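Numbering (the numbering used here), first residue to last: 822 to 945. Report on one structure; see the data block that follows.
This is the structure:
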């Protein structure tokens, strides 16, 4: 039986911790914080839950994701290559701080890379 990435990452609770730390760092970041500025606490809380649902589903957990696909969800945000690179640095820092193993980190990074073209504005 194959153990899912979801299970190897520690399941739902571990993904909740990861997502919370990731978004918390990004929201307070000088470069990326603008994407959360002028938004209600409710909107931010809903977005965090959608991220958790998405990550659980995409890593093999039992979660129904009701959100939009990544291209639609990020359209019009103007996310640049610089934003993306900075965000990935935060992902790596958070994962490292949570002691995510090397094989799992590699799988997560490959997954994120597969989303890049849907998130980053071409030519930016």
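Every residue gets a Cβ at the ideal spot worked out from N, C-alpha and C, and that includes glycine. Here the structure is a predicted model, which is why all the values come from computation and not from measurement.
DSSP three-state call for residue i: helix, strand or coil?
i, result
"residue 901", "coil"
"residue 906", "helix"
"residue 828", "helix"
"residue 891", "helix"
"residue 849", "coil"
"residue 883", "coil"
"residue 930", "helix"
"residue 919", "coil"
"residue 878", "helix"
"residue 871", "helix"
Whole-angstrom Cβ separation of residue i and residue j, contact assumed at under 8 Å?
i, j, result
"residue 939", "residue 892", "4 Å"
"residue 873", "residue 840", "5 Å"
Are residue i and residue j close, meaning C-beta to C-beta below 8 Å?
i, j, result
"residue 827", "residue 864", "no"
"residue 896", "residue 888", "no"
Nearest to residue i by alpha carbon, out of the options?
i, options, result
"residue 909", "924, 896 and 941", "941"
"residue 911", "899, 822 and 852", "852"
Cutting at 7 Å between CB atoms, please list the residues of its own chain near residue i, excluding the five before and the five after it.
i, result
"residue 876", "836 and 840"
"residue 915", "839, 842, 843 and 846"
Starting from the C-beta of residue i, find all residues in its chain whose C-beta is less than 6 Å away, skip the five residues before and the five after it, and write them out in chain order.
i, result
"residue 922", "none"
Who are the near neighbours of residue i in its chain, counting only those whose CB is closer than 8 Å to its CB and skipping five residues on each side?
i, result
"residue 937", "905"
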